[in-house]
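Asks: I am attaching a structure below and will ask some questions about it afterwards.
Protein chains: 2
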Amino acid sequence: MSDLKFRIKAQRASDAKTIVKARNFEIIVDEPQSLGGTDLAPNPVEYVLAALAGCLNVTGSLIAKEMGFELRDLQIEISGNLNPARLFGKTDVERAGYNSVEVKMIPDSDADEVTLNEWLRKVESRCPVSDNIMNSTPVKVGLKLLQVA
Amino acid sequence: MSDLKFRIKAQRASDAKTIVKARNFEIIVDEPQSLGGTDLAPNPVEYVLAALAGCLNVTGSLIAKEMGFELRDLQIEISGNLNPARLFGKTDVERAGYNSVEVKMIPDSDADEVTLNEWLRKVESRCPVSDNIMNSTPVKVGLKLLQVA
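Take a look at the structure:
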């Protein structure tokens, strides 16, 4: 299979608010007032957890079908711990992002526990967003300067 | 500074559609029809790029203030390449997620190029979502079984 390319374009609306376009969709990102925003939308690190949940559902559905059991329902609870000291310039030793992420998958299915644990292992291994959180990915950041008039 | 905990709860709506609650916000995740969804919302890996854009704006605003220049505007373009072969069970050798992410930051500011490159280096180092994509993070996935009636 060949690579797929995904793209977004983002426009700053204020110090903490960003309007993102992904295909024909608009995603608003903001911060709560405690983190300097206007609290009009989820914040960036909440969107990371939402992306993970969406991905676990897609991957879980696909693999349940492969394994031949019905996934009648699925609830997912995710939490992550993050220390904001590096973001706020208080340290350059601790990391900036989540230091750990915890996921609870609550499937409704007739499959037995052995089958569901096998399903979970496959889901973890094949979910794209899990991979991008669990493993390192090169990010190339470049600057484009506006032409001076 | 002490750790902050972020949380979401997600409910499967269909094989590809997920309804996520983050605080008082609802985030809809879906897939295009080509990836098995109903195309009602961005997909999980697009939300990862949106999260990164939002985070780069927040971090960029904070650091521009620290460095004493005005960020009049900021546009951000992000793309990522991903091979879906592992998701679809065609390989267990290649990775599941983005194999690379490319970011273009387009600031409007009176700061000179040396200052903007210094700004960019600090933003990369202090943005939580950049950290979670560039570096590995433990994800603990557990199963909660529903009680059999």
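Which chain is which? The protein sequence lines are A and B, in order. Counting in the working numbering, the first sequence runs from 51 upward without gaps. Counting in the working numbering, the second sequence runs from 51 upward without gaps. Ideal Cβ positions, reconstructed from N, Cα and C, are used throughout, including at glycine.
1. Tell me whether the beta-carbon of I77/A lies closer than 7 Å to the beta-carbon of A103/A.
2. Determine the direct distance from the alpha carbon of V179/A to that of F56/A, and round the result to whole angstroms.
3. Okay, do the stretch 68-87 of chain B and the stretch 110-129 of chain B touch, 3+ Cβ pairs below 8 Å being the bar?
4. If you measure from the beta carbon of S111/A to each beta carbon in chain B, is any gap under 7 Å?
5. For a contact meaning CB atoms closer than 9 Å, what does T155/A contact in chain B?
6. By the DSSP assignment, the alpha helix (DSSP H) with M117/B in it spans what residues?
7. R171/A: which of R171/B, D89/B, W169/B and D142/B sits nearest, CA to CA?
8. Would you call N182/B buried or exposed, if buried means 16 or more other Cβ atoms sit within 10 Å of its Cβ?
9. Is DSSP giving V164/A helix, strand or coil here?
10. So, helix, strand or coil for S159/B, using DSSP?
11. Indicate whether L54/A and L137/B have their beta-carbon atoms separated by less than 7 Å.
12. Applying the 10 Å Cβ sphere with the 16-neighbour rule, what's the burial state of M51/A?
13. Considering only residues of the same chain and omitting the five flanking positions on each side of A101/A, which have a CB-CB separation below 7 Å?
14. R145/B: which of E163/A, A66/A, P94/A and C177/A sits nearest, CA to CA?
15. Contact defined as beta carbons within less than 8 Å: I believe A29/A pairs with E152/B. What is the distance between those atoms, to the nearest angstrom?
16. If we ignore side chains and look at the alpha-carbon of each, how far apart do I69/A and N167/B end up?
17. Within 10 Å of its beta-carbon, does N74/B have 16 or more other beta-carbons around it, so buried, or fewer, so exposed?
Replies: Straight from the coordinates:
1. Between I77/A and A103/A, the gap from beta carbon to beta carbon reaches 7 Å or more.
2. Cα-Cα distance, rounded: 13 Å.
3. Verdict: no, contact absent.
4. Chain B contact via Cβ: present.
5. The identity of residue 155/A in the sequence shown is Met, whereas the question assumes Thr. From the beta-carbon of M155/A, the residues of chain B found nearer than 9 Å are V191, G192, L193 and K194.
6. Segment P94 to M117, the alpha helix (DSSP H) holding M117/B.
7. Among R171/B, D89/B, W169/B and D142/B, the Cα nearest to that of R171/A is on D142/B.
8. Around the beta carbon of N182/B, 16 or more other beta carbons lie within 10 angstroms, which makes this residue buried.
9. In the three-state reduction of the DSSP assignment, V164/A falls in the helix class, which pools H, G and I.
10. Here S159/B sits in coil by DSSP.
11. Not a contact, by the Cβ cut-off of 7 Å.
12. Looking at its Cβ environment, which holds fewer than 16 other Cβ atoms inside 10 Å, M51/A is exposed.
13. For A101/A, the CB contacts under 7 Å within the same chain, skipping 5 residues up- and downstream, are V179 in chain order.
14. For the residues E163/A, A66/A, P94/A and C177/A, the minimum Cα distance to R145/B belongs to C177/A.
15. Only positions 51 to 199 of chain A appear in this structure, which leaves residue 29/A out of reach.
16. Each residue's alpha carbon lies about 24 Å from the other.
17. Result: exposed.
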